Every structure is written in structure tokens, then in C-alpha cells.
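Chains as they are written, first to last, in the working numbering: chain Y, 1 to 435; chain B, 1 to 435.
Structure (C-alpha cells):
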């Protein structure tokens, strides 16, 4: 299928520094890739003439046309657990509320929880997410059916290595059948993996030619325990273990010092910053400005919905910017365009797909969203970038295209039955909570 | 007019501590006040029988019925300036961007800017706002026409005392004609008022029997300058000057120490906390938990749209909670229900209208909103309070009633032409920027 988007405000996320990053124009999609991006309506006419028998035309007047957002760290099935426990200390949250429920979750609960999270993400303009959870096979299936791009990370942890060995194999078998699902290894964290199991994850990464997606330096406790046990920081430990010899995406990096940041930069480790989760769980404030200044690629993630409590990348952009400003007492920290880069191009880089995703350019995959600016909270229009980051909401996203397929149109999801997805999730959580 | 709301999830914001704060039920409005709130459908039948010839019935199935939100600090007309300057140092922002434009704004610009901000607030479930700006006469007119409750604060500043003297008189004449507009004095801040002009404001407050709405301890500079000039903190200065002898609402209070907090508590000064503005301008993090623990009444505000960049009280609730958690490294700080209280009952108290606003109880004014929970990002339903604070958005508000009048119905504003309001604002800012 071909798609022509015309009359839009095109924000391709590849403007040279200092130039206005958007322009009025049009964009053509051939099958699953972007064919052209142009400010000239003649290009639109030519494209339409070429594809006149098979072309969906979208009028984007009053709308921003931009790359879909890339959520680089979540546990999507935890959408099922949204709100079951909040405002309690971390260990009580995990041990008394989250883990007991998670222990009862199998393939079906993960599948239906993932469908709920995916529905929320698609409706909010997220077109790619990076996941980590047990039963990534279920997440892969849910993502493929919904038509959202997913990087699933089967997740070795000492207490469930057997499950992991089954899970990664099933995911690995499934991937060739999907146009949108890929894989990373998901070595969970320093505190849940023995040397041997970490080594297993690293060697599988090399064997399968996939990257690693890890939790790193999320809390003070993690840092303190690592230093007590290994005499080094979690970052130093993973470097020494050889993890960074694989393409690595490290979630959180709240507790990293200057030496750690040097290591991350030198090893081209990408960092998934999760500001709302770090705030809600009182983990701390990641030194994002420092990391960016040191050349670390920092992207954005929502973390799971039970520590956020949503999967809303617009809020993460806004919060990332506002939080760094107040944390550094510098109102210039993380300007709006940088926040947009974190949610798009930096996200693509974090999963090793720079130039293919997170950008509107010929040859890139057609992951595109249309954002409706015709709302009071986005008026007047003086600076589109600032409107998107500081004022726009997930519900301003009107149309979503993933891999050339229209998955949300005029705020209706075409690939999922929203009511069924929501009520199925409700049924599961009611059963899990024995209501 | 009478209104019956039935089948809703009623959240009256007056549940005793420890009890579940919401229940399935119904609510009746007679003219501009709440007649009954009940979990019994017989009450609904009785009400309907009594008013059968004049009763609008709203089915609130799947919706939360709660008090409208109270935005206790804004400069609503600054919606016009949304996005004209961001990500720059405070003084450059004010001196090079905001003030030059504000200098060109007269009655009409303030009126139309206020209409834009009011439209945004109504669409997001804010039913009362507390304002401070030049030409509060224009804000009063705009609020009255739109049917939103407003507390306008004519604002003495040394360089425009003449304007102030005209403005407060015009507002004072207008108020008896309006059912929704009231007034406070708005002595701007310690750094813009001579002793004499502050005294004038205080004596007018006493004369007219209205409270005071002031900027207090917003930045480090303000605190440092006050200590250098007066040998005391801004809070101590205002206390000494007698300001707190009037009912006082102090916006910001970022830079308050333990002694200041004692003074605020002892003098029953309410604090309007503006977390997103304080973050965006890198002013700092107000010690909200400390103030609440000390017995200070803390409400929420958005500040002006040019330092936020929206007038969204849902974001302020969420941000207030998340920011205190990370600032105090305590995930229990500002639990969800406390954030809701800050946006409702505490807001009412901040403007001296405890029991009349911010609460659903017989005899209170009918300022009511309906929030639609039938959306993916609000599923599953396990804890409504947590959903409202951590996951809900302004655009989940479906119906808004102010003073017994339905002003928003199914996400359409009935009292304003949204398109006309937006395009008029656009015209003004284009002219002001000489585009």
C-alpha cells in the first residue's frame, strides 16, 4: 500500500543545527518505507500520478507530521498491574504487591497485559517499544498482531533460567515471521544475575548477533551493594564482564558518577532515561545533561505502567526536560528539541537502527504520526517544537502509521478492539487479585 | 435549572481518613448548588419526581463525578504568549521576550488571551482560577462570559500604580453583576513594591474585605536580595508589614526555610505550589511535604502558560506528587489522594471558600466535572484515585459544570466558540510579534 500525506507541518528530525526544523510539505510512503519528503506540492502530484490506483491520501492540514516515538524501556505487560499499588516504599511495593501477582502471571496474562499497554502506546503515538519481561514470546505475538514495532528482550534471571532458555528460543523462532518484532538479550540486572548467567546472556548476544538491554544503576542500594560485593560500581562490573562488547542499552543510570559516564561514552552504551518512574519510586535524578554533554546517547522510556503509571512518551519528554532544568538549576538544560531527539533519533540509535527509524527521510521505515494542533492548549502557534514538548498530550495524536500500515486513524485503533482489550485486562486483574 | 447525575463513581473529596473516598451513586443540582449526594438510586428517583419538568439528566456510567479543579495561581492572559520564548535564562526570558510584548498588551489583548486560557482550563476540568495581571477588568469580563469561576487580583506594582487604581475600581464595580467573579488584592512581590504601595494594597484589602494574592519566595535571587535590603526573608518582611493580617494566598514559596514555614503556618497563609513552572524556570523545588507536615494549607497552580506551557491541573497534581517523592527520596510523599486534595479542597481553602467549593456536598456550589475512565491508559480499574492522579489527562474530562451551568458537554465548550477564540489569539500574537 502507498500513502500520501499532504499539507502537513513536516518535522523530519534531521534538520542541521540552527535551522528551523520543520516546514510545510508532503511525504510519500511506498509499501513500508518513506519514498520522499518534500516542501513542494509538485512532488505530491508526481507521487499521486505514479500510484493513482493504490494510494491513500491523508490531508494533514493543521497537523504535525513527525516520526513515531520510541519507548526504549518498558515492561509492557505490567499495564495489567497499573494502580494495584502506589505510594509505598520500594521493597513493600515489590515484595508485597507486584511480585506475588507477577508469580501468578503466565503466557495469557502477559499477552493480554501487553495488548493493553500496546493499545495505550499506539493511541499516544509510540510506534516502537523496547520490552523486558518473562514470556517475551507473548509480547512478541501481541506486538505483531497489533502492528507495533517491538524489540523484545527475553530476560535471564538466576531464579528462572529455565524459563529464559525456553523463552528466547521461542522468540527467536517467531522473529522471521514478523515484520515488526526483533530481539535483544535482556540480562536483568547486576543483583539478579550470577557471573555465569550473565556470561550466558553475553555469549547468546554474540551468537545471535543481537544487542543487550539491561537495568543499570537504578538505585542507591544497587550501587552500594555492588561496591560492597565486587569492589566496583555496577557500570564497571558490566564493563569488566564484557557486556559492553555487545550493543548495549542500559535503562535508568540514575546512580552513575563521572567515571561511569566515561565508561558509558567510551563503550557507546545507550542510556534509556525513565524520569517519571525514577521520580515515582524515589530512585533519584539521572545526570542526563552530564551524560549528553559527555557524548552518551540518551533516549527515553516509560518503564512499566505500575511505576509511572502510564506509557506516555509525551509526558516523559516534558518531564525529562523540566526535571533536568530544576536539578541543574539551569533553565536552558534539555531544550525542547533535545527532548524530541531523545524520543526519536536517539531511541533509534539506542536499538542500533539509526537512520532507519525515528526520522522522516527517504528509505527510512514508515513509522509516522500526525499530531493535531487545532486545540486550545496548543494555541497560539509561535513555536511548534515548544508546543509539542511542553504542551502536547498523547491524546493529540490523531493518526499513527507503523511500517507503512495505518494502525490508528482519527483516534481509532484499527488493529485492536479497544473495548475488548480493556475488558479482558480487567477480567485478568480481577482474577489475579481474587476479586 | 436542575441537573441529575446518575450511575457515576462519586468522589466528593470529604471522606474520613482511611475510608474509601468514592462510591457508586448519584448527585442532584438545584439552580447553582448541590442538593444531594447519595449512593441510593431512590434519592435520584425522588429528585427527578420533584423536578420532572425542569431537569437535565446526565448518565455518568463509567465516569468519575468529582469537584472541579481549582487553579490557585495563574496569569491567564499569558496563554497568548505560550511558546514565544523557552529554554532561556530567566532574566533574558523576562527582559528580552516577555516584558516587551506585555508592554504592548492592552484591554483587548488581555481579554482575548484570557479567553484562550479559560477555554483551555474549562476543557481540562478547571472550574475556578485565581489570576493576577494588569487589566484584571478584562479577565473578569472574559471569565464571566465563559462561565468559569474566577478570583481576579488587580496588581499594584510601583511602575503602574495609576493603572492599578483604575483597574481595581473597575473590577470592584463589576463584581456585583457577576455570579462567578470575585476579587483579591494582588500585591505583586517584594521586589516590585515599595513599602508605601504594599501598605496601600493591605489597607485596600481591609477596606474591601478581600484577601491578598502575592508572589513569595519564588527564587534564590528574591531571597538573597530581601536579606541584603531588609535583613530578613521575604516571608518575614511581609509578616512585619502586616500583609498576613489579610487572608493571604502566597504563590511559589520555593525558597522558604523552617522559620518561614512556621510563620506561614502560624498566620494561616495558604501556599499555591506551581511545580511545572518552578521546574521550567529552574527556580527550585518547594518543600511541599515539609509545609503540609507543618500544617500549611498547600494548593496547586499552573502559573502562566508561558512558563509551563499549559494550564493543566492534572499535570500539576501528577508533577507535585512525583517531584516531592524524588526530592525527599521518599516514595510515600504526597500520595495520590493528597494531590487531589491540593487541587480541590485545599484550593477552596486558599481562597477562603472552604466547604463551598472543591467538594461535593449538599449546599456547596455546583462546580462539578465528569472524567471518562473508558480509555486504555486508565485501565484496568483497581484504584480510581491513583488512575486520576498518575494516569488521567485534561482530555479525559468530558463534562464540566460551573455554578450549576453546563459549560462543557461531551468535550464541547458550550459557552465559547473554540475556533474563534483560538484564531483571535493567533491574530493578536502575530500582530504583537509584528509578523
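Just so you know, even glycine gets a beta-carbon here, dropped at the ideal spot from N, CA and C. All values derive from a computational prediction rather than experimental measurement.
(request) Give the straight-line distance between the Cα atoms of residue 147 of chain B and residue 328 of chain B, rounded to the nearest whole angstrom. (result) For the purposes of this step, residue 147 of chain B is taken as residue 147 along the second chain, with counting starting at 1. For the purposes of this step, residue 328 of chain B is taken as residue 328 along the second chain, with counting starting at 1. Those two C-alpha atoms are separated by around 40 Å.
### Query
In the stretch 288 to 365 of chain Y, which residue ranges form an unbroken alpha helix (DSSP H) of at least 4 residues, counting only runs that do not cross its ends?
288 to 293, 313 to 328, 336 to 343, 345 to 350
Practice item. Measure the beta-carbon distance from residue 208 of chain B to residue 172 of chain B and round it to whole angstroms, keeping in mind my assumption that it falls under 8 Å. Key: By 1-based counting over the second chain, the position of residue 208 of chain B is 208. By 1-based counting over the second chain, the position of residue 172 of chain B is 172. That pair is a contact at about 7 Å.
Could you list which residues in chain B have their beta carbon closer than 9 Å to that of residue 312 of chain Y, in chain order?
One-based indexing of the first chain puts residue 312 of chain Y at position 312. Those within 9 Å of residue 312 of chain Y in chain B are 377, 391, 393.
Exercise for the section: Using 10 angstroms around the beta-carbon of residue 71 of chain B, count the other beta-carbons present and answer buried if the total reaches 16, otherwise exposed. Expected result: The residue given as residue 71 of chain B occupies position 71 in the second chain. That one is buried.
Spatial distance of residue 257 of chain B from residue 290 of chain B (CA atoms)
Taking the first residue of the second chain as 1, we reach residue 257 of chain B at position 257. Taking the first residue of the second chain as 1, we reach residue 290 of chain B at position 290. Going by the C-alpha atoms only, they are around 10 Å apart.
| query | So the beta strand (DSSP E) residue 77 of chain B belongs to, where does it begin and stop? | reply | One-based indexing of the second chain puts residue 77 of chain B at position 77. Segment: none, residue 77 of chain B is in no beta strand (DSSP E) and carries neither H nor E.
Residue 363 of chain B: buried (16+ other C-beta within 10 angstroms of its C-beta) or exposed?
Taking the second chain and counting its residues from 1, one reaches residue 363 of chain B at position 363. Exposed: under 16 other Cβ atoms inside 10 Å.
Next on the checklist: If you reduce the DSSP assignment to three classes, tell me which class residue 259 of chain Y lands in.
Outcome noted: Counting from one through the first chain, the residue named residue 259 of chain Y turns up at place 259. Reduced to three states, the DSSP call for residue 259 of chain Y is helix.
So what's residue 446 of chain B in DSSP terms, helix, strand or just coil? With chain B running from 1 to 435 in the structure shown, residue 446 of chain B is simply not present.
message = Measuring only the C-alpha atoms, how far is residue 118 of chain B from residue 358 of chain Y?
response = As a first step, residue 118 of chain B must be located in the second chain, where it is residue number 118. As a first step, residue 358 of chain Y must be located in the first chain, where it is residue number 358. Those two C-alpha atoms are separated by around 36 Å.
(Q) Ignoring anything shorter than 4 residues, give me the alpha helix (DSSP H) runs that lie fully in the stretch 207 to 289 of chain Y, in order along the chain. (A) 220 to 230, 234 to 241, 258 to 266, 275 to 280
Q) Which first and last residues belong to the beta strand (DSSP E) in which residue 170 of chain Y is found? A) The residue you call residue 170 of chain Y lines up with position 170 of the first chain. Taken as a continuous stretch (DSSP letters only), residue 170 of chain Y belongs to no beta strand (DSSP E), being part of the alpha helix (DSSP H) at 161 to 174.
Listing by chain order, which chain B residues have their CB less than 7 Å from the CB of residue 116 of chain Y?
Reading the first chain from its first residue, position 116 is the one you call residue 116 of chain Y. 376, 379, listed in chain order.
Identity of the residue in B:107, B:387, B:345 nearest residue 87 of chain Y by Cα:
Position 87 of the first chain holds residue 87 of chain Y. Nearest of B:107, B:387, B:345 to residue 87 of chain Y, Cα basis: B:387.
Between residue 382 of chain B and chain Y, is the shortest Cβ-Cβ distance under 8 Å, so that the two count as touching?
Here residue 382 of chain B refers to the residue found at position 382 when the second chain is read from its first residue. Yes, because at least one Cβ of chain Y sits closer than 8 Å to the Cβ of residue 382 of chain B.
Going by other Cβ atoms of all chains shown within 10 Å of its Cβ, with 16 needed for buried, is residue 132 of chain Y buried or exposed? Here residue 132 of chain Y refers to the residue found at position 132 of the first chain. Answer is buried; the Cβ neighbour count reaches 16.
Report the CB separation of residue 320 of chain Y from residue 288 of chain Y in whole angstroms; it is logged as a contact under 8 Å. Numbered from its first residue, the first chain carries residue 320 of chain Y at position 320. Numbered from its first residue, the first chain carries residue 288 of chain Y at position 288. That pair is a contact at about 7 Å.
Tell me the residue span of the beta strand (DSSP E) that contains residue 192 of chain Y.
Here residue 192 of chain Y corresponds to residue number 192 of the first chain, with the count starting at 1. Here residue 192 of chain Y belongs to no beta strand (DSSP E), and DSSP marks it neither H nor E.
Pull up the distance between the alpha-carbon of residue 341 of chain Y and that of residue 24 of chain Y, whole angstroms please. Counted from its first residue, the first chain places residue 341 of chain Y at position 341. Counted from its first residue, the first chain places residue 24 of chain Y at position 24. Going from the Cα of residue 341 of chain Y to the Cα of residue 24 of chain Y covers about 20 Å.
So is residue 346 of chain Y in contact with chain B if we call contact Cβ pairs under 8 Å? Within the first chain, the letter at position 346 stands for residue 346 of chain Y. False, the Cβ-Cβ gap to chain B never drops below 8 Å.
Check your understanding: According to the neighbour-count rule (16 or more other Cβ atoms, all chains shown, within 10 Å of its Cβ), is residue 43 of chain B buried or exposed?
Key -> Start at 1 with the first residue of the second chain, and residue 43 of chain B comes out as number 43. Under this definition residue 43 of chain B is a buried residue.
Quick one: is residue 84 of chain Y near chain B, going by C-beta distance under 8 Å?
Taking the first chain and counting its residues from 1, the one referred to as residue 84 of chain Y is at position 84. For residue 84 of chain Y, the answer is yes, since a Cβ of chain B falls inside 8 Å of its Cβ.
Quick one: give me the first and last residue of the beta strand (DSSP E) that residue 33 of chain Y is part of.
The count along the first chain starts at 1 and reaches residue 33 of chain Y at position 33. Counting along the chain, the beta strand (DSSP E) containing residue 33 of chain Y begins and ends at 33 to 38.
With a cut-off of 8 Å, do at least 3 Cβ pairs link the stretch 299 to 317 of chain Y to the stretch 61 to 81 of chain Y? yes
- Item | Terminal residues of the alpha helix (DSSP H) in which residue 115 of chain Y lies | To locate residue 115 of chain Y, count along the first chain from 1; it is residue 115. First-last of the alpha helix (DSSP H) with residue 115 of chain Y: 107 to 123.
For a test of the three-state rule: what should DSSP assign to residue 88 of chain Y, helix, strand or coil? In the first chain, residue 88 of chain Y corresponds to position 88, counting from 1. In this structure, residue 88 of chain Y counts as coil in the three-state DSSP scheme.
For the beta strand (DSSP E) that residue 46 of chain B lies in, which residues bound it at each end? For the purposes of this step, residue 46 of chain B is identified with residue 46 of the second chain, where counting begins at 1. Element bounds for residue 46 of chain B: not the beta strand (DSSP E) but the alpha helix (DSSP H), 41 to 50.
Residues that residue 120 of chain Y contacts on chain B, provided the C-beta gap is smaller than 7 Å: Residue 120 of chain Y sits at position 120 when you count from the first residue of the first chain. Neighbours of residue 120 of chain Y on chain B, chain order: 376, 377.
Subject >> Minimum length 3: unbroken beta strand (DSSP E) runs contained in the stretch 376 to 431 of chain Y >> reply: 397 to 402, 405 to 409
Three-way DSSP call (helix, strand, coil) for residue 158 of chain Y in this model:
Your numbering for residue 158 of chain Y matches position 158 in the first chain. Helix at residue 158 of chain Y.
Along the chain, where does the alpha helix (DSSP H) containing residue 136 of chain Y start, and where does it finish? The count along the first chain starts at 1 and reaches residue 136 of chain Y at position 136. Residues 136 to 146.
Nearest to residue 233 of chain B (by Cα), restricted to the options B:170, B:219, B:245:
Walking along the second chain from the start, residue 233 of chain B turns up at place 233. Cα-wise, what sits closest to residue 233 of chain B is B:219.
At a CB distance below 9 Å, what residues from the stretch 281 to 304 of chain Y approach chain B? Give them in sequence order.
281, 282, 283, 284, 285
task: Go ahead and label residue 168 of chain Y buried or exposed: buried means 16 or more other beta carbons lie within 10 angstroms of its beta carbon, across all protein chains shown.
output: Sequence index remark: in the first chain, residue 168 of chain Y carries index 168 (1-based). That one is buried.
Exercise for the section: Work out the CA separation of residue 235 of chain Y and residue 196 of chain Y for me, nearest whole Å. Expected result: Residue numbering aside, residue 196 of chain Y sits at position 196 when the first chain is read from its first letter. Residue numbering aside, residue 235 of chain Y sits at position 235 when the first chain is read from its first letter. Taking the straight line joining both Cα atoms gives about 18 Å.
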